[in-house]
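K.L.:
My questions all concern the structure below.
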Ligand SMILES: [Zn+2]
Ligand SMILES: [Zn+2]
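Residue numbers (my numbering): 20 to 376.
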């Protein structure tokens with residue numbers, strides 16, 4: 020280093036300090052009010068919707084697609100299945116509860132949110148994502164394979180889709196930003212059939228990967244609407260307040276007793292991540308099969324890091340609903356008190372095992 024270097028370097032560095040201080044001020048202020056990583060999921064969703072909108076959804080019928088998805092989510096067959104399951108969980112419950120427990124009423128709000136907001140959003144994301152994938156990696160889309168029967172292609176798509184859902188679910192538990200959105204689903208203390216709808220609309224961005232098998236094999240087959248309705252019914256049943264295992268079949272299919280372990284209060288939540296099939300959990304050594312202790316176990320999040328409908332003295336469903344949807348964007352409090360009953364809008368306390376430092 021020459022003698023002249025020092026003063027030259029200091030002249031260059033010195034003025035930069037106040038600029039850096041000025042720049043970090045607003046950034047710090049913003050990050051103390053908003054959990055900025057959560058905004059990345061908004062950006063991805065907005066970019067995808069923008070691409071699809073600008074390209075007129077690649078010629079697809081957007082309104083027709085919304086209607087089709089709405090049929091899957093809350094169509095007549097789905098509602099009939101849910102109605103039957105609501106009776107089943109009353110007849111053979113894991114935990115006895117009032118007919119209109121707070122958790123049921125809150126999950127009804129999420130059912131309405133799915134029908135009105137989530138369905139159009141997921142339709143837009145689906146159409147855009149498919150367009151982006153087929154446009155940027157066209158070789159991914161296989162041509163028609165003449166020797167493969169259609170039912171075989173549909174079976175492969177179904178199993179691969181379930182595997183992708185399992186993987187995205189694992190990411191929801193391992194990636195802090197995604198967990199901020201997924202913890203809403205785990206906050207339910209009165210598990211019931213409608214808990215399947217208790218999801219943040221933006222979390223569906225993380226499940227777009229499950230579309231890939233269908234995109235790859237689109238020329239060979241597509242999942243029939245009825246199969247998707249049955250798939251949704253199986254996942255809804257897994258969330259029901261029913262004391263039911265599947266015996267040896269649990270080695271293949273997710274039962275209510277099996278999925279309850281995933282929602283268990285103080286339980287290891289990164290086990291039993293399967294949607295319909297348990298094979299992914301078994302292959303990754305994340306399967307825990309029901310025992311007499313787990314089949315009636317309490318569910319929810321220890322310490323109530325997220326405001327829940329059961330924590331307020333009087334029912335405040337809409338206020339709690341709004342607070343739950345805003346919660347992923349609130350700054351993380353790594354320590355300190357959790358949300359007290361009736362106190363809306365405090366920072367979320369992140370589960371200690373997922374806090375990186
Ligand atoms: Zn989960
Ligand atoms: Zn669940």
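Where a beta carbon is used, it is the ideal one built from N, C-alpha and C, also for glycine.
Who are the Cβ neighbours of residue 129 in its own chain at under 6 Å, not counting the five residues just before and after it?
P.N.:
Cβ within range, chain order: 216, 217.
K.L.:
Across which residues does DSSP place residue 329 in a beta bridge pair?
P.N.:
Answer is none; residue 329 lacks a bridge partner.
K.L.:
Return no unless some Cβ of chain C is closer than 9 Å to the Cβ of residue 211.
P.N.:
Here chain C cannot be found, since the structure has a single protein chain.
K.L.:
I want to know whether the segment 117-128 touches the segment 272-286 - three or more CB-CB distances under 8 Å.
P.N.:
The segment 117-128, when compared against the segment 272-286, does not touch it at the 8 Å Cβ threshold.
K.L.:
Could you pull out every unbroken beta strand (DSSP E) segment of at least 3 residues lying fully inside the segment 166-224, listed in chain order?
P.N.:
For the segment 166-224, not a single whole beta strand (DSSP E) run of length 3 or above is found.
K.L.:
With a 10 Å radius around its C-beta and 16 neighbouring C-beta atoms as the bar for buried, classify residue 343 as buried or exposed.
P.N.:
It is buried - the Cβ of residue 343 has at least 16 other Cβ atoms within 10 Å.
K.L.:
What is the rounded straight-line gap between the Cα of residue 268 and the Cα of residue 91?
P.N.:
If I take the Cα positions, the gap works out to 26 Å.
K.L.:
Alpha carbon to alpha carbon, how far is residue 233 from residue 180?
P.N.:
Going by the C-alpha atoms only, they are around 8 Å apart.
K.L.:
Is it true that the CB of residue 236 sits closer than 9 Å to the CB of residue 172?
P.N.:
Cβ atoms of residue 172 and residue 236: closer than 9 Å.
K.L.:
My guess is that residue 60 and residue 227 are in contact by the Cβ rule of under 8 Å, so how many angstroms apart are they, rounded?
P.N.:
No, residue 60 and residue 227 are not in contact; Cβ-Cβ is about 11 Å, not under 8 Å.
K.L.:
Taking buried to mean at least 16 other C-beta atoms within 10 Å of its own C-beta, is residue 355 buried or exposed?
P.N.:
Confidence is the limiting factor: at residue 355 the pLDDT is only 44, short of 50, which leaves the residue's position unreliable and the question unanswerable from this model.
K.L.:
Among 161, 69, 259, which has the Cα closest to the Cα of residue 110?
P.N.:
That would be 259, whose Cα lies nearest to the Cα of residue 110.
K.L.:
Contact check, residue 104 vs residue 255 under 8 Å by CB: the rounded distance?
P.N.:
Correct: roughly 6 Å between the Cβ atoms.
K.L.:
Do residue 325 and residue 202 count as a contact pair if the criterion is CB distance below 9 Å?
P.N.:
Yes, the pair counts as a contact, with Cβ atoms nearer than the cut-off.
K.L.:
Three Cβ pairs or more, each shorter than 8 Å: is that satisfied between the segment 198-213 and the segment 93-107?
P.N.:
With a cut-off of 8 Å, the segment 93-107 and the segment 198-213 count as touching, because enough Cβ pairs lie within range.
K.L.:
Can you determine whether any heavy atom of ligand 1 sits closer than 8 Å to the C-beta of residue 320, and answer yes or no?
P.N.:
Residue 320 Cβ: outside cutoff for every heavy atom of ligand 1.
K.L.:
Helix or strand or just coil, what does DSSP make of residue 114?
P.N.:
Coil.
K.L.:
Measuring alpha carbon to alpha carbon, tell me which of 95, 49, 53, 54 ends up nearest residue 134.
P.N.:
With distances taken between Cα atoms, residue 134 lies closest to 95.
K.L.:
Check whether the Cβ of residue 276 lies closer than 8 Å to any heavy atom of ligand 4, and answer yes or no.
P.N.:
You won't find ligand 4 in this model; what it holds is ligand 1 and ligand 2.
K.L.:
With respect to 8 Å, is the separation between the Cβ of residue 214 and the closest non-hydrogen atom of ligand 2 below this value?
P.N.:
Flag set: Cβ of residue 214 near ligand 2.
K.L.:
Return the CA-CA distance between residue 300 and residue 293, expressed in angstroms with no decimal places.
P.N.:
Answer to the nearest angstrom: the Cα atoms are 6 Å apart.
K.L.:
From the DSSP output, read off the bridge partner residues of residue 296.
P.N.:
DSSP, once it has assigned bridges, lists 272 as partnering residue 296.
K.L.:
Cutting at 6 Å between CB atoms, please list the residues of its own chain near residue 13, excluding the five before and the five after it.
P.N.:
Residue 13 is absent from the model: the chain starts at 20 and stops at 376.
K.L.:
With a threshold of 8 Å, establish whether the CB of residue 219 neighbours any heavy atom of ligand 2.
P.N.:
For ligand 2, not one heavy atom lies less than 8 Å from the Cβ of residue 219.
K.L.:
Pop quiz: residue 257 and residue 225 are said to be a contact at Cβ under 8 Å. What is the actual Cβ separation, rounded to whole angstroms?
P.N.:
The pair is not a contact, with the Cβ atoms about 19 Å apart (cut-off 8 Å).
K.L.:
By how many angstroms is the C-alpha of residue 348 removed from the C-alpha of residue 156?
P.N.:
Those two C-alpha atoms are separated by around 33 Å.
K.L.:
Span of the alpha helix (DSSP H) holding residue 261?
P.N.:
That residue, residue 261, is in no alpha helix (DSSP H); it is neither H nor E in DSSP.
K.L.:
How far does the alpha helix (DSSP H) with residue 124 in it reach, from first residue to last?
P.N.:
Residues 121-132.
K.L.:
In angstroms with no decimal places, state the Cα-to-Cα distance between residue 65 and residue 73.
P.N.:
Cα to Cα, residue 65 sits roughly 12 Å from residue 73.
K.L.:
Taking Cβ to Cβ, would you say residue 318 is nearer than 9 Å to residue 150?
P.N.:
For residue 318 and residue 150, no; Cβs fall outside 9 Å.
K.L.:
Could you give the residue range of the alpha helix (DSSP H) that holds residue 70?
P.N.:
From DSSP, the alpha helix (DSSP H) with residue 70 extends over 56-73.
K.L.:
Is the closest heavy atom of ligand 2 to the C-beta of residue 257 under 8 Å?
P.N.:
Checking the Cβ of residue 257 against ligand 2 gives yes.
K.L.:
Determine the DSSP secondary structure at residue 313, reduced to helix, strand or coil.
P.N.:
The answer is coil: DSSP assigns residue 313 none of H, G, I, E or B.
K.L.:
Considering Cα atoms alone, identify which of 302, 176, 123 is closest to residue 243.
P.N.:
Comparing Cα-Cα distances from residue 243 to each of 302, 176, 123, the minimum goes to 176.
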